[in-house]
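Using my numbering, the letters of the sequence shown correspond one by one to residues 884 to 1358. Just so you know, even glycine gets a beta-carbon here, dropped at the ideal spot from N, CA and C. Computed from a predicted structure; not experimentally measured.
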Amino acid sequence: MEGRGNSSGTFTPPAPPVAHANGAEALRRLIFMIRALFRVTCSRSHPVVIFLDDLQWADETSLLLMNALITDTTIEGLLFIGSYRDNEVTADHPLRIRISDLDRMGFAKITSLHLDNLDVRTVESLLSDTLCLTPLMVRHLAQAVWQKTAGNALFVVQFISALHDEGLLRFSLVTKRWEWDIEKVRQKQITSSVAKLMMDKILRMAPEVLEALKVASCFGAECEEAVLHIIDRAPDRIGDTAAALDIAVSEGIMSKVNSLYRFSHDQIQQAAYQLVPDLVNKAALHLLIGKLLWKWASKDEFNMFLFVLVDQLHRGSCLLTDPDEKVELARLSLLAGEMAHSLSAFLPASSYLETGCLLLTETDWECHRKLCFSLLNLFAETQYVVGDFASVAKVVKTVLSRANELSEKLSVYHTLVLSFGAQGHVSDAIRTLLSVVNLLGENLSLNTSQEAMKKEIGKTMQLLSMQTEESMLNM
């Protein structure tokens, strides 16, 4: 398929244009298509394994998709492996609830494995493999390392690295093997905090590396090399951020796969972020990064890294004082929200749109009326999709109070009706629909006879019976 990708149109007829769908329908379509994909790619003879790390951070949409795949009994040969930190997953955590529901309903066999810290034998095996020595030769060193680190995997790796950095673990050109002074190793002090251990290691880096780590930490766990190159285009930027991060990679603080830099551990990222002293300075750095990306990115780069750019500007938006800058950021927030919404990434879309709404002022409702309505209308629809019906009602109330014409109200009326339907408030949905129809000049009554209802339902059923699944999906 990859080799014939550009010629696929010669084998298949042109696909008809797909009808626009609202957020909830778009999500259902996405889940439907992904389930269909796994039905044809998985089988007992050709199983597929999916590994998902850090599930404690999974959003509700991701959990919904995972649940849909696991509970689909027509998919065979699919194995899910997920990992999460149990100290961050409480009894009422969405992940815990999903797992409990799956286990109770019996749709899948769930096996739970609790991973403890490394025991002394595992540390011994690790050192034996790393130093190319027999387990017996590294036994005393392994015991000392284990006692210092309590078997914490990150501690173990960083402690061994620190021993090497300080010359306590060294390779002898005379004996052609690794050597150490066990008494000095036993006397070495180690902090009880992973973050402090990481900070000590980071602070030994060169100044240009420290500055690069500050920038990288603002993006979270990972950042694209191309983003760093955009930032470095600014005339007042000195040095090469990516080159400085390459030094951090060589020291094991970060890893690099293709063009993606990733911190070796989230606590290393947190330690690097703490190099920026306080919340105001952190916000200022985020704002600076966002403005540099906004100014120096090409059109293609702007579209590619829109989410990154807007996220940085949002995290520094508390420092914005210029009304024009706030309006422009609100426009960017709408653009990011629309893009995320179109990708069925509804929680990020909700965040972008909410921040955009918060940037609006009373003056903007007079001078930038279309922007205000666009933000709130899409925010209401997104909140409906994620199930925050209280927020939907609040946004609808705001829009209706601001609207002067029916055309400005129709979008939120539509969302409100869908919201009522999703909550099972059918009477409220019908009452709202009738009020809108009456505003359009059609006088319809809420009191309809049973015969008339049966007749209309019969017509609808007859029309649906002539539709295929494919045609219904494209409605």
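Got a sec, what are the start and stop residues for the alpha helix (DSSP H) residue 988 sits in?
977–988
Distance, Cα to Cα, residue 1345 vs residue 1310?
25 angstroms
Integer-rounded CB distance, given that residue 1158 should sit under 8 angstroms from residue 1202
Contact doesn't hold; Cβ gap of about 19 angstroms is too wide.
Who pairs with residue 1106 in a beta bridge, going by DSSP?
1144
Between which two residues does the beta strand (DSSP E) harbouring residue 1053 extend?
1052–1055
Taking 7 angstroms as the cut-off, decide whether the C-beta atoms of residue 1052 and residue 1046 are in contact.
yes
Tell me which same chain residues have a C-beta within less than 6 angstroms of the C-beta of residue 938, skipping the five on either side of it?
965, 967, 978
Please return the same chain residues whose Cβ sits closer than 6 angstroms to the Cβ of residue 1119, not counting the five positions on each side in sequence.
none
If you drop the 5 nearest sequence neighbours on each side, which residues of the same chain put their C-beta closer than 6 angstroms to that of residue 1215?
1193
Three or more C-beta pairs closer than 8 angstroms, one from the stretch 1121–1137 and one from the stretch 1173–1185: is that the case here?
no
At the level of alpha carbons, what is the spacing between residue 1041 and residue 1138?
15 angstroms
Which value, in whole angstroms, describes the spacing of the CA atoms of residue 1108 and residue 1313?
53 angstroms
Length at least 3, wholly inside the stretch 912–968: the beta strand (DSSP E) runs in chain order
931–935, 961–965
Along the alpha helix (DSSP H) that carries residue 1291, what are the first and last residues, could you check?
Residue 1291 -> no alpha helix (DSSP H), and no H or E assigned at all.
CB of residue 1027 within 7 angstroms of CB of residue 1007, strictly:
no
Got a sec, what are the start and stop residues for the alpha helix (DSSP H) residue 1285 sits in?
1272–1285
Just curious, the alpha helix (DSSP H) that residue 1339 is in, first and last residue?
1333–1348
Considering only C-alpha positions, which residue in the set 1068, 1355, 1085 is nearest to residue 1130?
1085
Give the secondary structure of residue 1060 by DSSP, where H, G and I count as helix, E and B as strand, and everything else as coil.
strand
Can you tell me whether residue 887 is buried or exposed? The criterion is at least 16 other CB atoms within 10 Å of its CB, across all chains shown.
Its pLDDT being 41, under 50, residue 887 is placed unreliably in this model, and the value from its coordinates should be taken loosely. When all chains shown are included, residue 887 counts as exposed.
Going by DSSP in three states, residue 1138 sits in which element: helix, strand or coil?
strand
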